[in-house]
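In my numbering, the protein residues as written are 1204 to 1309. In what follows, a structure is listed as structure tokens, so that the remarks can point back to it.
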């Protein structure tokens, strides 16, 4: 099932920007779309800001994972690793190319 395969992680810079957005929402009481921040979201945002750690987010994503990302659903596609010509990934690639990426040679 597709639900069993992870999405690519959020990059550190994007996570920091989102955390700043949450802080602004908490400070102003207004969401980005102009709606008022309700109690449920305020509680959720407060928890997220309090628990935020930059070390939980990668600075960059390895190329092999980017290549394996499904263009339709966004998950790391298991088909890529066994039958990549049948995937919906960004670029069609070849098993030998991926082996070179994984081993660090190009």
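Think of the CB as a built atom: it goes at the ideal place given N, C-alpha and C, for glycine as much as any other residue.
**Asked** Would residue 1210 pass as a contact of residue 1263 if the rule is Cβ separation under 9 Å?
**Response** no
**Request:** Would you kindly check if the distance between the Cβ of residue 1226 and the Cβ of residue 1252 is under 9 Å?
**Result:** yes
**Prompt:** For residue 1279 versus residue 1273, is the C-beta distance shorter than 9 Å?
**Reply:** Going by C-beta atoms, residue 1279 is nearer than 9 Å to residue 1273.
**Request:** Name the one or two DSSP bridge partners that residue 1278 has.
**Result:** Residue 1278 is bridged to 1210.
**Request:** Indicate whether residue 1237 and residue 1245 have their beta-carbon atoms separated by less than 9 Å.
**Result:** Not a contact, by the Cβ cut-off of 9 Å.
**Asked** With C-beta atoms as the reference, is residue 1260 less than 9 Å away from residue 1223?
**Response** No. Outside cutoff.
**Prompt:** Alpha carbon to alpha carbon, what distance is there between residue 1250 and residue 1228?
**Reply:** Rounded to the nearest angstrom, the two C-alpha atoms are 13 Å apart.
**Request:** Go through its chain and collect everything with a Cβ distance to residue 1277's Cβ below 6 Å, but skip five positions before and after it.
**Result:** 1210
**Prompt:** Count the other CB atoms within 10 Å of the CB of residue 1270; is the residue buried (16 or more) or exposed (fewer)?
**Reply:** Burial call: buried.
**Prompt:** residue 1212 to residue 1241, Cα distance in whole Å?
**Reply:** 28 Å
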